[in-house]
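Note sheet for the following structure.
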Amino acid sequence: MLKVKSLSAGYQGNDVVHQVDFEVGSGEAVMIIGSNGAGKTTLFRAMCGLLVPSSGQVFFEGTDISGAPAERIARLGLRFVAAERHLFPQMTVHENLLLGANPYRPDPKTMSLILDLFPRLAERRRQHAGTMSGGEQQMLAVGRALMSKPRLLVLDEPSTGLAPLLAQAAYEALGALRKQGLTVLVAEQQVPLAMSFSERGYVLENGYIKLQGTAQELAANPIVRRAYLGVT
Amino acid sequence: MIANILDGIVLGLQFGLLAAGLTLVYGLGGVLNLAYGQMAVISAIVITLALSAGVPVLLAVALGLFVGGLAGLILDLTILRPVYRLRGEPRVLLSLLLTLGVSFIIDGFLNWRYPLETLSLRIPGEAVEILGVPMRRGSLIASAITLVTFAALFGFFRYTSLGRAVRSVIQDQEGARLVGIYPHRMLRLILVLSGVLAGLVAVTRSMVTPVDAQSGLSITVFALIVTVVGGLGNVAGALLAGIILGIVSVIAANLIGTYISLIILLAAAALTILIRPAGLLGVKE
Ligand SMILES: Nc1ncnc2c1ncn2[C@@H]1O[C@H](COP(=O)(O)OP(=O)(O)OP(=O)(O)O)[C@@H](O)[C@H]1O
Ligand SMILES: [Mg+2]
Chain A
1 MLKVKSLSAG YQGNDVVHQV DFEVGSGEAV MIIGSNGAGK TTLFRAMCGL LVPSSGQVFF
61 EGTDISGAPA ERIARLGLRF VAAERHLFPQ MTVHENLLLG ANPYRPDPKT MSLILDLFPR
121 LAERRRQHAG TMSGGEQQML AVGRALMSKP RLLVLDEPST GLAPLLAQAA YEALGALRKQ
181 GLTVLVAEQQ VPLAMSFSER GYVLENGYIK LQGTAQELAA NPIVRRAYLG VT
Chain B
233 MIANILDGIV LGLQFGLLAA GLTLVYGLGG VLNLAYGQMA VISAIVITLA LSAGVPVLLA
293 VALGLFVGGL AGLILDLTIL RPVYRLRGEP RVLLSLLLTL GVSFIIDGFL NWRYPLETLS
353 LRIPGEAVEI LGVPMRRGSL IASAITLVTF AALFGFFRYT SLGRAVRSVI QDQEGARLVG
413 IYPHRMLRLI LVLSGVLAGL VAVTRSMVTP VDAQSGLSIT VFALIVTVVG GLGNVAGALL
473 AGIILGIVSV IAANLIGTYI SLIILLAAAA LTILIRPAGL LGVKE
C-alpha cells in the first residue's frame with residue numbers, strides 16, 4: 001500500500017532523514033519508533049507532501065507521490081494526523097468533521113459512524129475545536145481524518161499531550177479501527193503503547209532506520225529494550 | 233446627535249464594505265493589496281464609459297463588477313505569482329511593494345487616459361425621513377446594498393461548503409491542505425471576490441460622492457484603516473469597525489472639523505494595534 005524508497009529530507013539543504021526505506025502493507029499496523037529529534041515528524045511530513053523530499057521516492061497504492069502537494073495526497077486517501085493536530089480552532093466540532101470528508105460533499109453516514117466511535121464528539125458537536133481539551137482535540141483530529149474514509153491513516157505521536165490513561169484510550173480506539181480493516185502507520189516515542197498496537201515496526205535513530213522487525217522481535221531486542229522500553 | 237449617528241452609520245457601512253475585500257485577501261493569503269482602491273476606480277471608469285455609450289445602468293454596473301473581478305483574477309495570475317512563493321513577513325512585504333507598483337501604473341494610466349470621467353450615480357427623489365432625520369436616497373440605497381452584500385457574505389461563509397473551505401484556510405492553512413483543500417484555488421476565488429467587492433464599493437460610493445481617477449489612494453487608505461481595526465481576515469470585524477469608525481468620524485468632523493476626522497481614524501487604528509493587535513473581534517493566536 002505504501003512504499004518509501006531511499007527517502008531523504010531536511011531543512012535548508014541539511015538532511016535530517018537519510019535514505020529511509022520502509023513499507024506498509026494493506027491492513028497492517030506499522031510503527032516507527034524513535035526518540036526526540038530522531039526525524040519521525042520530518043519523515044512523515046516529507047511523505048505526506050508538507051515538505052519536499054531532497055531525494056527518494058514514495059509510492060502510495062502504486063502511484064508515485066514523491067514531492068506531490070499535501071492536498072493532492074490527502075485526496076488520494078492518505079490522511080495524516082499531525083502531532084499539532086491542525087484543527088480549525090474557530091469552527092465547531094461538526095464543521096471540522098464536515099471538512100474532513102470530501103470538503104464539498106457532506107457524508108452523513110460516515111459522520112454518524114464517527115460520532116458512534118467517539119461519543120464525546122457527539123456531545124460536543126457545537127463546541128469550537130479551539131476550546132476543547134487535548135484529548136478531545138486528538139479524537140477530533142482522528143475523527144476528521146476518518147471522515148474521508150482513508151485508505152491509510154498516518155498518525156504522528158497521537159499520545160502527544162495526553163495523560164497516560166487518555167493515551168491508552170486513544171490507542172484502544174485505534175485498535176478498534178484496525179479491527180475494521182483500517183491500515184495505520186504511527187510514529188511514537190512512547191514505545192510500549194505503540195508496541196501493544198502494531199504488528200511491525202522500524203526504529204529510527206538520528207534519521208536512519210536502525211532496526212526493523214515484528215513487534216515481538218523488536219520487543220525482544222536488547223537495544224530496543226534498553227533504549228526505549230526502560231529495561232536495563 | 234441622531235443625525236450624526238445615522239450619517240455615521242451610512243459612512244460606516246461604506247467603510248465596512250471597503251475593508252471586506254482587503255481583509256479577506258490578507259487573512260487568507262497574507263497578501264496586502266495596495267492596488268485595491270485602483271481596482272474600485274477601474275470598475276468606476278468602466279461603468280462611466282458604459283453609461284456614456286448608452287448602456288442601461290444595471291448592465292453597466294454588472295459590467296463594472298465583472299471587470300473588478302477580472303482585475304482580481306489578473307493580479308492572482310500575474311504579479312502575485314512571485315509573492316505566493318514566499319511565506320510570512322517577506323510575503324506581506326513583497327505583496328505590498330508589488331501591488332503599490334501596480335497601483336501607480338493604474339493611477340498613471342487612468343489619469344492620462346480618463347482624467348475627466350467621473351462616476352456619480354445620482355438617485356433622484358426627495359430625502360426620506362428616518363427617526364426625524366432627512367436622509368438622502370442615495371445614502372439609503374448605498375447602505376441597503378452594503379447590508380445585503382454583507383448578509384450574502386456571511387451566508388456564504390457560514391452555510392456553504394465552499395465558504396467553509398475558505399474559512400478553513402484562514403484558520404489553519406496546513407490543516408486545510410491535510411483535508412485536501414487547495415489553498416491557492418481558495419485564494420484565487422477570494423481575489424476575484426475582492427475585485428467584485430471593490431467594484432461594488434465604487435458603485436455605492438458614487439451614490440454619495442463622485443468617484444474618479446484620483447479616488448484610488450483614498451479608498452485604499454480607508455480600507456486599510458478599517459481592516460486594521462476590524463482584525464485581519466475578519467469580515468464581521470470589518471463591518472463592526474466600519475460602523476464604529478464611521479460614527480466617530482462624522483461626530484469628530486461636526487464637532488471639530490473635517491480635517492480632523494482622518495487623523496482620528498488613523499489614531500483609532502494605531503490605538504487598536506496597541507490595545508488589541510488582533511483587531512476588535514480578533515482572537516489571540
Ligand atoms: N522546521 C525545522 N527547521 C529546521 N530544523 C528542524 C525543523 N523541524 C525539525 N528540525 C530538526 O530536524 C530534526 C528531526 O526533527 P523531527 O521533528 O523530525 O524529530 P521527531 O522524531 O519528530 O522528534 P519528536 O519526537 O520530538 O517529535 C531535529 O534535529 C530538529 O531540530
Ligand atoms: Mg515529532
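So the protein lines, in turn, are chains A and B. Counting from 1, one number per residue, gives the positions in the first sequence under my numbering. Counting from 233, one number per residue, gives the positions in the second sequence under my numbering. The C-beta atom is built at its ideal place from N, Cα and C for all residues, glycine as well.
Is it true that the stretch 455 to 464 of chain B meets the stretch 494 to 511 of chain B, where meeting means three or more beta-carbon pairs spaced less than 8 Å apart? yes
Give, in chain order, every residue of the stretch 87 to 121 of chain A whose Cβ lies closer than 9 Å to some Cβ of chain B. Leu87, Phe88, Pro89, Gln90, Met91, Glu95, Asn96, Leu98, Leu99, Gly100, Ala101, Asn102, Pro103, Tyr104, Arg105 and Pro106
Counting beta carbon pairs with one atom in the stretch 276 to 293 of chain B and one in the stretch 405 to 421 of chain B, are three or more of them shorter than 8 Å? no
Does the Cβ-Cβ distance between Ser275 (chain B) and Leu297 (chain B) come in under 8 Å? yes
For ligand 1, is there any heavy atom lying closer than 7 Å to the beta carbon of Val191 (chain A)? no
Cβ of Ala434 (chain B) within 7 Å of any heavy atom in ligand 2? Ligand 2 has no heavy atom closer than 7 Å to the beta-carbon of Ala434 (chain B).
Check for me: the alpha helix (DSSP H) holding Phe298 (chain B) runs from which residue to which? Val289 to Leu309
Contained beta strand (DSSP E) runs [length at least 3] in the stretch 360 to 436 of chain B, N- to C-terminal order: Here the runs fully enclosed are 360 to 362 and 365 to 367.
Run through the DSSP bridge pairs and tell me what Lys3 (chain A) is partnered with. A:Glu23 and A:Phe59
Comparing the C-beta of Arg151 (chain A) with each C-beta of chain B, is any distance below 8 Å? Contact of Arg151 (chain A) with chain B is not assigned, every C-beta pair being separated by 8 Å or more.
Take every Cβ of the stretch 73 to 83 of chain A, pair it with every Cβ of the stretch 349 to 365 of chain B, and state whether three or more of those distances are shorter than 8 Å. no
Residue interval of the beta strand (DSSP E) (run including Arg125 (chain A)): Segment: none, Arg125 (chain A) is in no beta strand (DSSP E) and carries neither H nor E.
Within chain A, the residues that Ile362 (chain B) reaches when beta carbons sit closer than 9 Å: Here the premise fails: no neighbours, minimum Cβ distance about 36 Å.
Please state whether DSSP places Pro29 (chain A) in a helix, a strand or coil. Position check: residue 29 (chain A) holds Ala in this sequence, whereas Pro was assumed. Reduced to three states, the DSSP call for Ala29 (chain A) is strand.
Closer than 8 Å is the cut-off here; do at least three beta carbon pairs connect the stretch 50 to 70 of chain A with the stretch 87 to 106 of chain A? no
Can you tell which of A:Pro69, A:Glu217, A:Val203 and A:Phe118 has the C-alpha that lies nearest to the C-alpha of Ala227 (chain A)? For the residues A:Pro69, A:Glu217, A:Val203 and A:Phe118, the minimum Cα distance to Ala227 (chain A) belongs to A:Val203.
Is Val201 (chain A) near ligand 1, going by C-beta to nearest heavy atom under 7 Å? In the sequence under discussion, the amino acid at residue 201 (chain A) is Gly, which differs from the Val named in the question. Answer for Gly201 (chain A): no, Cβ out of range of ligand 1.
Under DSSP, the beta strand (DSSP E) around Arg79 (chain A) begins and ends at which residues? Leu78 to Val81
Please list, in chain order, the chain C residues whose beta carbon lies closer than 9 Å to that of Leu50 (chain A). The structure shown contains no chain C; its protein chains are A and B.
Any C-beta of chain A under 8 Å from that of Tyr414 (chain B): yes
Measuring from the CB of Ala9 (chain A), is there a heavy atom of ligand 2 at a distance below 7 Å? No.
Considering Gly474 (chain B), what are the terminal residues of the alpha helix (DSSP H) in which it resides? That run of the alpha helix (DSSP H) goes Val467 to Leu487.
DSSP beta-bridge partners of Asn14 (chain A): A:Tyr11
DSSP state of Thr350 (chain B), grouped into three classes? strand
Do Leu266 (chain B) and Leu307 (chain B) count as a contact pair if the criterion is CB distance below 8 Å? Here Leu307 (chain B) is not near Leu266 (chain B), since their CB atoms are 8 Å or more apart.
Run the Cβ filter for me: residues under 6 Å from any heavy atom of ligand 2, listed in the order they occur in the chain. A:Lys40, A:Thr41, A:Ala83, A:Asp156 and A:Glu157
Give a yes or no on contact between the stretch 397 to 404 of chain B and the stretch 205 to 225 of chain A, applying the rule of three or more CB pairs nearer than 8 Å. no
Just checking Asn466 (chain B) against ligand 1 - is the residue's beta carbon closer than 7 Å to any of the ligand's heavy atoms? no
Neighbourhood of Gln137 (chain A) by C-beta, 7 Å cutoff - its chain only, sequence neighbours within 5 removed: Arg85, Leu87 and Ala129
Mind listing which residues of the stretch 174 to 189 of chain A have their C-beta closer than 8 Å to chain B's C-betas, in chain order? none
Sort A:Arg105, A:Glu157, A:Lys5 and A:Ala29 by Cα distance to Ile413 (chain B) and report the nearest one. A:Arg105
Compare the C-beta of Leu394 (chain B) against all C-beta atoms of chain A and say whether one is closer than 8 Å. Chain A places a beta carbon closer than 8 Å to that of Leu394 (chain B), counting this residue as a contact.
Taking 8 Å as the CB-CB cut-off, is Phe80 (chain A) touching chain B? yes
Can Ala445 (chain B) be considered in contact with ligand 1, in the sense that its beta carbon sits closer than 7 Å to one or more heavy atoms? no
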